[in-house]
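In the working numbering, the protein residues as written are 880 to 1245.
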Ligand SMILES: Cc1cc2nc3c(=O)[nH]c(=O)nc-3n(C[C@H](O)[C@H](O)[C@H](O)COP(=O)(O)OP(=O)(O)OC[C@H]3O[C@@H](n4cnc5c(N)ncnc54)[C@H](O)[C@@H]3O)c2cc1C
């Protein structure tokens, strides 16, 4: 996205990608409305697999379901969405080299030397959009996040029986571990099924088989991947370097949503880089600090709050089990954040005075 936006403004951009597109990317492909708006491009209808109107959350015997009048999440296939974005970058004027892995990055006095499997390039600026684990983040001395959620996921053909259960529905299963959830996201001809666990504690592989059995789904070998949580905007720049998306650790610490932050940070990075170029200013960490400021204002403060809520929930699982089971209010408030109607700061302010009562209820009931 950054490459496309900058090339469109006339900058000379080279995009290096180790994969050959269309390539697979482990992802449930849930595109929230705020992600769609941050994408800012009109998404071809052919890329939309399902429009989801229902959010279903299951915790033990308790099932909460909300039905929306408008679709609140679209599901896409990441190989198709990413190929569309890459094509858009090419059409915007970026030079794209796929199948070319970056091996190392060496900053020297004037430029950064980028060594790939095929060549060496010299550039005043590298945008690290290389996901997790990010080679660029390591090269510029950043450990941009200190935690990651471990995920297992697989695409599973829609079951022949009871297959309408998942049509237009995002189903999530909670309480399997201290924080995290299992998901079933519907796609055109299959289901994206996964488990995402924040922190340690349970053997995910052992849980995987039980999870599929509980859903009456056939056994399938899952793929493993990580979602970075706890990214800090202040660590996303260095002299000649900018990190965006997962490389900067920008993903939601409570839901794992990453596409919204990837699109938004990519756009903010492009804005700042373009402004520096126009003013003829060098890409120093000091000048690029505008990017971290914008990220902090747009979503950094909110991610911080989400991280605090996450830590609280992990320290005291009973508390959020009670929030889930006790009243629908907590569920509704949390969904407003996913919908982009409220921020985690709102949720935090709303939750704070209600926590003592919730805690008391959780102690009495359990
Ligand atoms: C199992 C799972 C499910 C998820 N589900 C959702 C969801 O439903 N909704 C949502 O919003 N988010 C979801 N996420 C998060 C989302 O996938 C990420 O936040 C998002 O992909 C981040 O995009 P990115 O461009 O920063 O990184 P990536 O999508 O990881 O892209 C990085 C790119 O860099 C390339 N690359 C890496 N290293 C090199 C190298 N050395 N040289 C050249 N190229 C390189 C890779 O090939 C890749 O194409 C999920 C994540 C996981 C793991």
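Think of the CB as a built atom: it goes at the ideal place given N, C-alpha and C, for glycine as much as any other residue. Since we're looking at a predicted model, the values are computed, not measured.
Might you give, ordered along the chain, the residues of its own chain that have their beta carbon closer than 6 Å to the beta carbon of residue 1099, omitting 5 neighbours on each side?
So the list reads 1033 and 1035, once near-sequence residues are dropped.
Contact check, residue 1076 vs residue 1055, beta carbons under 9 Å
If you check the CB distance, residue 1076 and residue 1055 come in under 9 Å.
Who are the near neighbours of residue 1214 in its chain, counting only those whose CB is closer than 7 Å to its CB and skipping five residues on each side?
934 and 945
Return the bridge partner residues of residue 896 from the DSSP annotation.
977
Cβ-based neighbour list, residue 1218, same chain, cut-off 6 Å, excluding 5 preceding and 5 following
Here residue 1218 has 951 as same chain residues with Cβ atoms under 6 Å from its own Cβ, once five neighbours each way along the sequence are excluded.
Within 10 angstroms of its Cβ, does residue 948 collect 16 or more other Cβ (buried), or is it exposed?
exposed
Residue burial classification, residue 1065 (beta-carbon count within 10 angstroms, cutoff 16)
buried
Please work out which residues of its chain come closer than 7 Å, Cβ to Cβ, to residue 941, disregarding the five sequence neighbours upstream and downstream, and give them in chain order.
Scanning its chain for C-beta atoms nearer than 7 Å, with the 5 sequence neighbours on each side dropped, one finds around residue 941 the residues 1203 and 1204, in chain order.
Going by CA-CA distance only, name the one from 1057, 897, 1220 and 1178 that's closest to residue 1079.
1057
CA-CA distance, residue 992 and residue 1001?
5 Å
To the nearest angstrom, how far is it from the Cα of residue 1053 to the Cα of residue 979?
40 Å
Would you say residue 1006 and residue 1120 are within 9 Å of each other, going by their C-beta atoms?
yes
Proximity below 9 Å, CB of residue 1019 to CB of residue 1122
yes
Put residue 1001 into one of helix, strand or coil per three-state DSSP.
In this structure, residue 1001 counts as strand in the three-state DSSP scheme.
Can you tell me where the alpha helix (DSSP H) holding residue 1196 begins and where it ends?
1196-1205
Under the assumption that residue 962 contacts residue 901 (Cβ atoms under 8 Å), give the Cβ distance between them as a whole number of angstroms.
4 Å
Got a sec: does ligand 1 put a non-hydrogen atom nearer than 8 Å to the Cβ of residue 1105?
The answer is yes for residue 1105.
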